[in-house]
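Numbering (the UniProt record's numbering), first residue to last: 1 to 419. So the structure is just underneath, and the comments pick up after that.
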């Protein structure tokens, strides 16, 4: 994050630009944690219900969809002539003041609802764990949600080192639990029903699956902060090092998450997946019920808690940066005042939403989806043809691939909303 945002302040030029370092590992974990939210518990049902062929095709496409899109966004942020430019600075530089502010505002409103969703999800997960697993009475929601949200924001206030340590502490057990569950379910695997797919049905299933895959692996909210740290840390090597870290992040995401998805899907029949989808429960909750397994029942809330917390921290990075950038350009307030004001406002909003537990959250997620797809896929592709520093990527197959996936994702989301 740029110095203007005030969130990350450790400027330590590195002499380790030529080799893999602890700094790189910490950012892989941070981006992994940002991507793996509570949605992973619903991903096996959402992607597996379409049958074997869509699942297999999406498995092949998951890596290029994830890596190429985030690489494009990273290149876009690093294309600024300024060395301290954040996302809001870059869009204004390339698209003009008016369009830049509109895109920056949309960017903020694509991330902020996700924070509200995570605030509600974390409160519900911890409350359910206290009542069902610990068999205690439910604590006052206003107190529980206040403590949880304040705790997560306190980590953000502790600076980059505390944030990196927290991500490491969260992501290692998350990876361990995902791997354990994936292997634990192997004895329950059933051979999938493999039939010749109907072309029209397969095409529609794949089309509607694109946004599911895109957002299950999205760490777009943390990209601007991430590349700015790399720019300060690695100087002229920032682009190549950022791409290197993003590549390893994508490999790690695909390996662990898709193993989990396949293991869950192969443990359920098509009828059971349809039943789980109808009940709108997480895959671990459904598996725990049908196998009457206490291990899965206990690990479900743990995965949800770790995944929501790590993803909240990554999304808060993006929301904080975009809020600070917007107000810095619209007001004469000092950046430190803007930063504190933004943190207080976001804390209060997330806390109130967590207490109220509204049902409007799905709609808010649907609004966030198309905006994120446009910012992650379509805008960086347009910039390739508009920004001189990015024009060397014109005509590359990866550029066209990202644009096509972005258009498919936006159209599928709009179809789901209005179709």
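No residue lacks a Cβ here, since even glycine has one placed at the ideal position from N, Cα and C.
Check                                                                                                                                                                                                     : Outcome
Is DSSP giving residue 137 helix, strand or coil here?                                                                                                                                                    : coil
Does DSSP classify residue 479 as helix, strand or coil?                                                                                                                                                  : Residue 479 is absent from the model: the chain starts at 1 and stops at 419.
Taking the alpha helix (DSSP H) that residue 93 belongs to, which residues open and close that run?                                                                                                       : 87–95
How far does the alpha helix (DSSP H) with residue 230 in it extend, from its first residue to its last?                                                                                                  : 223–234
Using 8 Å as the cut-off, can you tell me whether the segment 241–260 makes contact with the segment 179–194, which would need three or more C-beta pairs spanning the two stretches below that distance? : yes
Taking just the CA atoms, how far does residue 24 sit from residue 161?                                                                                                                                   : 13 Å
If you drop the 5 nearest sequence neighbours on each side, which residues of the same chain put their C-beta closer than 8 Å to that of residue 413?                                                     : 211, 366, 369, 370 and 373
Quick one: using the 10 Å Cβ neighbour count with 16 as the cut-off for buried, is residue 321 buried or exposed?                                                                                         : buried
What does the alpha-carbon distance come out to for the pair residue 332 and residue 339?                                                                                                                 : 13 Å
When you compare each of 87, 26, 41 and 30 to residue 265 by their alpha carbons, which one comes out closest?                                                                                            : 41
In or out: residue 417 buried (at least 16 other Cβ within 10 Å) or exposed?                                                                                                                              : exposed
Using only alpha-carbon positions, find the residue among 174, 278 and 358 that is nearest to residue 252.                                                                                                : 174
Below 8 Å, how does it come out for the segment 269–283 and the segment 105–118: are there three or more Cβ pairs, yes or no?                                                                             : no
Ignore the nearest five residues each way along the sequence and tell me which others in residue 11's own chain have a CB closer than 7 Å to its CB.                                                      : Residue placement at residue 11 is poorly supported in this model, since its pLDDT is 43, which falls under 50; the coordinates still yield a value, given next. Same-chain partners within the cutoff: 232.
Between the Cα of residue 112 and those of 94, 384, 345 and 142, spot the shortest distance and give me the residue it belongs to.                                                                        : 345
Output the distance between the C-alpha atoms of residue 15 and residue 235, rounded to the nearest integer angstrom.                                                                                     : Residue confidence for residue 15 is low, a pLDDT of 48 falling below 50, so the modelled location carries little weight; the figure read from the coordinates is stated next. Rounded to the nearest angstrom, the two C-alpha atoms are 10 Å apart.
Assign residue 92 to buried or exposed, taking buried as 16 or more other Cβ atoms, counted over all protein chains shown, within 10 Å of its Cβ.                                                         : buried
Between the Cα of residue 281 and the Cα atoms of 33, 256, 19 and 45, which residue gives the shortest distance?                                                                                          : 45
Between which two residues does the alpha helix (DSSP H) holding residue 380 run?                                                                                                                         : 379–386
Apply the 10 Å Cβ neighbour rule to residue 13 and answer buried if 16 or more other Cβ atoms are within range, or exposed otherwise.                                                                     : Unreliable positioning characterises residue 13 in this predicted model, as indicated by a pLDDT of 45, which lies under 50. A coordinate reading is not provided.
Taking the alpha carbon of residue 69 as the reference point, which residue from 408, 389, 410 and 401 has its own alpha carbon closest?                                                                  : 401
Around the Cβ of residue 295, are there at least 16 other Cβ atoms within 10 angstroms (buried) or fewer (exposed)?                                                                                       : exposed
Grab the span of the alpha helix (DSSP H) containing residue 237 for me, first residue to last.                                                                                                           : It is not in any alpha helix (DSSP H) - residue 237 carries neither H nor E in the DSSP assignment.
Please go through the same chain and pick out, in chain order, the residues whose beta-carbon is closer than 7 Å to the beta-carbon of residue 355, but skip the five residues on each side of it.        : 141, 142 and 145
Would you identify the three-state DSSP class for residue 376, choosing helix, strand or coil?                                                                                                            : helix
Mark residue 190 as exposed unless 16 or more other C-beta atoms lie within 10 angstroms of its C-beta, in which case mark it buried.                                                                     : exposed
Just to confirm, are residue 163 and residue 122 a CB contact at a threshold of 7 Å?                                                                                                                      : no
In this structure, does DSSP put residue 432 in helix, strand or coil?                                                                                                                                    : The first residue shown for the chain is 1 and the last is 419, placing residue 432 beyond what the model contains.
Hey, is the segment 240–254 in contact with the segment 19–36, meaning 3+ C-beta pairs nearer than 8 Å?                                                                                                   : yes
How would you write the range of the alpha helix (DSSP H) that residue 39 sits in, first residue to last?                                                                                                 : Here residue 39 belongs to no alpha helix (DSSP H), and DSSP marks it neither H nor E.
Nearest to residue 404 by CA position, among 254, 214 and 167, is which residue?                                                                                                                          : 214
Reducing DSSP to helix, strand and coil, say where residue 404 ends up.                                                                                                                                   : helix
Less than 7 Å separating the beta-carbons of residue 387 and residue 394?                                                                                                                                 : no
Output the distance between the C-alpha atoms of residue 406 and residue 139, rounded to the nearest integer angstrom.                                                                                    : 43 Å
To the nearest whole angstrom, what separates the beta carbons of residue 326 and residue 156, a pair I think is in contact under 8 Å?                                                                    : No, residue 326 and residue 156 are not in contact; Cβ-Cβ is about 18 Å, not under 8 Å.
Please list the segments of the beta strand (DSSP E) lying wholly inside the segment 147–184, counting only runs of 3 or more residues, in order along the chain.                                         : none
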